[in-house]
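Presented below is the structure to which this report refers.
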Amino acid sequence: MEYDFFTVFIAWVIICMDLFLFLKNKDNPLLLLINLFILYFNYSICMGEYIAHNLVIENNDLYSKAFGNLYQKGLFLLFLFDVVRFYFMKNKIEYKKIERKPNNIIYFILLSSIIYIGIFQIDRSMSFTYEVKISTLYEYSYLFFILLLYYQDDSKSKKVITHLMAFVFIIQDVIFGGRITSIQIILAFAIMEYTHLLKIKYIIAPFFIFQILFMAVGVYRATYTFDSSLGALIDIASTNLFVLDTAVYAYFSSIGHLYATTFVDAGMRFSSLFAFLFSLVLGGSVGSSLNIDTSLAAVTDLSSDYHWNAGGGVMFSYYYFWLGYFGVVLFSTSTFFIVKKIFNSEHTLSSIICVCITVAVARWYLYNPTAFYRGPFIIFPILFLIFKKLDDQLNQFTEENEGLSSDDNEEESNELFKE
Numbered sequence: 000m001e002y003d004f005f006t007v008f009i010a011w012v013i014i015c016m017d018l019f020l021f022l023k024n025k026d027n028p029l030l031l032l033i034n035l036f037i038l039y040f041n042y043s044i045c046m047g048e049y050i051a052h053n054l055v056i057e058n059n060d061l062y063s064k065a066f067g068n069l070y071q072k073g074l075f076l077l078f079l080f081d082v083v084r085f086y087f088m089k090n091k092i093e094y095k096k097i098e099r100k101p102n103n104i105i106y107f108i109l110l111s112s113i114i115y116i117g118i119f120q121i122d123r124s125m126s127f128t129y130e131v132k133i134s135t136l137y138e139y140s141y142l143f144f145i146l147l148l149y150y151q152d153d154s155k156s157k158k159v160i161t162h163l164m165a166f167v168f169i170i171q172d173v174i175f176g177g178r179i180t181s182i183q184i185i186l187a188f189a190i191m192e193y194t195h196l197l198k199i200k201y202i203i204a205p206f207f208i209f210q211i212l213f214m215a216v217g218v219y220r221a222t223y224t225f226d227s228s229l230g231a232l233i234d235i236a237s238t239n240l241f242v243l244d245t246a247v248y249a250y251f252s253s254i255g256h257l258y259a260t261t262f263v264d265a266g267m268r269f270s271s272l273f274a275f276l277f278s279l280v281l282g283g284s285v286g287s288s289l290n291i292d293t294s295l296a297a298v299t300d301l302s303s304d305y306h307w308n309a310g311g312g313v314m315f316s317y318y319y320f321w322l323g324y325f326g327v328v329l330f331s332t333s334t335f336f337i338v339k340k341i342f343n344s345e346h347t348l349s350s351i352i353c354v355c356i357t358v359a360v361a362r363w364y365l366y367n368p369t370a371f372y373r374g375p376f377i378i379f380p381i382l383f384l385i386f387k388k389l390d391d392q393l394n395q396f397t398e399e400n401e402g403l404s405s406d407d408n409e410e411e412s413n414e415l416f417k418e
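Here numbering that gives the first Met the number 0 is used: position 155 in the sequence shown is 154, and no number is missing along the way.
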């Protein structure tokens, strides 16, 4: 489906705004990564769907004359969302370096937790079709890795162990159907261990290498076999102008969200919003005991009753599904107002929350806004405060013991002096 000049122009404007934000904060490693990912996702959507005309999905019934306006509407909503992001993020924000707080006891507690997750939070049963087999806890393992790196000292043996655990998690994630968790763990290590390398000149080439690798993972996980050469993958990527199919399919799900709003009444949409807010705090499992259907928060699942989709959905379309244009403006404003405030904060917790937001960017932008709010702002602060309290108590206990030892030594010295 071809689009008019104005639609293609808007697509280029989105790419240009994102490129500006990427270059504007090139000296802030966290914002450099966030803006790079969003630039690439939006480039894939705008180039793949509008500028180069449906490179990935090609023709489908949502492109038809009866529903074709949904794609113009989707692009306008993406543009509106991006304008709000541009407004809040257009000024340079200084990077706040995180000072680690080594603690061996907490390190081994976190390491034990990660080992438990790695062993018991994956379904290893045989499968011949694509199926993500990692648990929600496995998806949130990046929070434990961030804390592990925060409490890790400079011991070479600990660094080897930590990197080995990350490698195991990534390999398992790939084998059992995931990609996003792997990206999150890689980004966690890039930020906490290799911040000095997070510069444009160092990350662009690896970024595209990882794209090819994750294309290979996509080919593998579709049938759990692999028969494509590296050259073939590069050829496919260049033919598709390096458009990321994951971003395009997430956007296709977003168009499905818009399509569903023509069938779902306002009451159902508001119930979905309420379920979303409820699930942020208490999760989905608690809903049944309180007679609240938290499955309503799954906008993509609700939309699939009206049109097929491949899962996920770009952030703005959830906001539109709940409250229309007002929802896009309200929630995008609150989202990036929060991002700006917390990135300008001097508090240690705020600085590490910024890491969590950055690490989870692919999940909250392309899959579900729950990943923006729940992991960084609810689960992580709870974990951080628990371990901070434990760290304070351990330090207090150590100081008291050192004090007692000093007193004992002083008494022994006095006795010897008297003799």
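Just so you know, even glycine gets a beta-carbon here, dropped at the ideal spot from N, CA and C.
Computed from a prediction, not measured in an experiment: that's the story for all the values here.
*Since Ala249 contacts Val358 with CB under 8 Å, what's their CB separation in whole angstroms?*
Taking the sequence shown and counting its residues from 1, one reaches residue 249 at position 250. Taking the sequence shown and counting its residues from 1, one reaches residue 358 at position 359. Going by Cβ atoms, the distance from Ala249 to Val358 rounds to 18 Å, so no, they are not a contact pair.
*Pull up the distance between the alpha-carbon of Asp391 and that of Leu384, whole angstroms please.*
Here residue 391 refers to the residue found at position 392 when the sequence shown is read from its first residue. Here residue 384 refers to the residue found at position 385 when the sequence shown is read from its first residue. Going from the Cα of Asp391 to the Cα of Leu384 covers about 10 Å.
*Closest by CA to Gln210, which one among Leu54, Cys15, Ile182?*
As a working mapping, residue 210 is identified with position 211 in the sequence shown. Closest by alpha carbon: Ile182.
*Integer Cβ distance of Val83 from Ser331, believed to fall under 8 Å*: Against the sequence shown, residue 83 aligns to sequence position 84. Against the sequence shown, residue 331 aligns to sequence position 332. Going by Cβ atoms, the distance from Val83 to Ser331 rounds to 4 Å, so yes, they are a contact pair.
*Give the secondary structure of Ile121 by DSSP, where H, G and I count as helix, E and B as strand, and everything else as coil.*
The residue given as residue 121 occupies position 122 in the sequence shown. Correct three-state label for Ile121: strand.
_Collapsed DSSP secondary structure at Ile56 in the structure displayed_ = Counted from its first residue, the sequence shown places residue 56 at position 57. Coil, per DSSP.
*asked:* Tell me which residues share the same chain as Lys89 and place their Cβ nearer than 8 Å to its Cβ, disregarding the 5 neighbours each side in the sequence.
replied: Along the sequence shown, read from residue 1 onward, the residue named residue 89 stands at position 90. Hits under 8 Å: Phe19, Leu20, Lys23.
*asked:* Tell me which residues share the same chain as Glu418 and place their Cβ nearer than 8 Å to its Cβ, disregarding the 5 neighbours each side in the sequence.
replied: As a working note, residue 418 is residue 419 in the sequence shown. Residue placement at Glu418 is flagged as unreliable, the pLDDT there being 49, under the threshold of 50; a coordinate-derived value is accordingly withheld.
*asked:* Would Lys198 pass as an interface residue toward chain B - the criterion being a Cβ-Cβ separation below 8 Å?
replied: The displayed structure is made up of one protein chain only, and chain B is not part of it.
*So, do the segment 148–162 and the segment 91–102 have three or more beta carbon pairs nearer to each other than 8 Å?*
yes
*asked:* So, with DSSP's three-state summary, where would you put Ile133?
replied: Within the sequence shown, residue 133 is the residue found at index 134, counting from 1. Residue state, collapsed to three classes: strand.
*Would you kindly work out how many angstroms separate the C-alpha atoms of Phe379 and Ile160, rounded to a whole number?*
Indexing the sequence shown from 1 puts residue 379 at position 380. Indexing the sequence shown from 1 puts residue 160 at position 161. Approximately 23 Å, taken between the alpha carbons.
*Separation of Phe144 from Ser350, as counted between CA atoms*: In the sequence shown, residue 350 corresponds to position 351, counting from 1. In the sequence shown, residue 144 corresponds to position 145, counting from 1. Answer to the nearest angstrom: the Cα atoms are 16 Å apart.
_Collapsed DSSP secondary structure at Ser344 in the structure displayed_ = Walking along the sequence shown from the start, residue 344 turns up at place 345. Note: Ser344 maps to coil in three-state DSSP.
*Are the beta-carbon atoms belonging to Tyr139 and Gly312 less than 8 Å from one another?*
Your numbering for residue 139 matches position 140 in the sequence shown. Your numbering for residue 312 matches position 313 in the sequence shown. It is not a contact, given that the beta carbons lie outside the stated cut-off.
_As a quick exercise: from Phe4, Asn68, Tyr86, Leu348, pick the residue whose alpha carbon is nearest that of Ile50._
Working through the sequence shown from its first residue, we reach residue 50 at position 51. Closest option to Ile50, Cα to Cα, is Phe4.
*In this structure, does DSSP put His256 in helix, strand or coil?*
Translated into positions along the sequence shown, residue 256 becomes position 257. Helix at His256.
*How long is the line joining the alpha carbons of Phe85 and Ile114, rounded to whole angstroms?*
Here residue 85 refers to the residue found at position 86 when the sequence shown is read from its first residue. Here residue 114 refers to the residue found at position 115 when the sequence shown is read from its first residue. Between Phe85 and Ile114, the C-alpha separation is close to 41 Å.
*Taking all protein chains shown into account, do 16 or more other C-beta atoms lie within 10 angstroms of the C-beta of Pro163, making it buried, or fewer, making it exposed?*
Start at 1 with the first residue of the sequence shown, and residue 163 comes out as number 164. Here the sequence assigns Leu to residue 163, which means Pro is not the residue at that position. It counts as exposed.
*Secondary structure at Ala51, three-state DSSP: helix, strand or coil?*
Here the question's residue 51 lines up with position 52 in the sequence shown. Ala51 falls in the coil class under three-state DSSP.
*Name the residue from Phe262, Ser302, Thr261, Ile97 whose alpha carbon lies nearest to the alpha carbon of Met191.*
For the purposes of this step, residue 191 is taken as residue 192 along the sequence shown, with counting starting at 1. That would be Ile97, whose Cα lies nearest to the Cα of Met191.
*asked:* Can you tell me whether Ile184 is helix, strand or coil according to DSSP?
replied: One-based indexing of the sequence shown puts residue 184 at position 185. Reduced to three states, the DSSP call for Ile184 is helix.
*For the alpha helix (DSSP H) that contains Gly268, what are its first and last residues?*
Translated into positions along the sequence shown, residue 268 becomes position 269. The question names Gly, but residue 268 is Arg in the sequence shown. Start and end: 265–281.
*asked:* Going by beta-carbon coordinates alone, are Val7 and Val247 separated by less than 8 Å?
replied: Reading the sequence shown from its first residue, position 8 is the one you call residue 7. Reading the sequence shown from its first residue, position 248 is the one you call residue 247. In this structure, Val247 does not lie closer than 8 Å to Val7 by Cβ.
*From the DSSP output, in three-state form, read off Lys100 for me.*
Locating residue 100 in the sequence shown gives position 101, counting from the first residue. Three-state result, Lys100: coil.
_Let me confirm a value: Asp304 is counted as buried when at least 16 other C-beta atoms fall within 10 Å, else exposed. Which label applies?_
Stepping through the sequence shown from its first residue, residue 304 is reached at position 305. It counts as exposed.
*Determine the direct distance from the alpha carbon of Ile337 to that of Ile356, and round the result to whole angstroms.*
The residue you call residue 356 lines up with position 357 of the sequence shown. The residue you call residue 337 lines up with position 338 of the sequence shown. Going from the Cα of Ile356 to the Cα of Ile337 covers about 11 Å.
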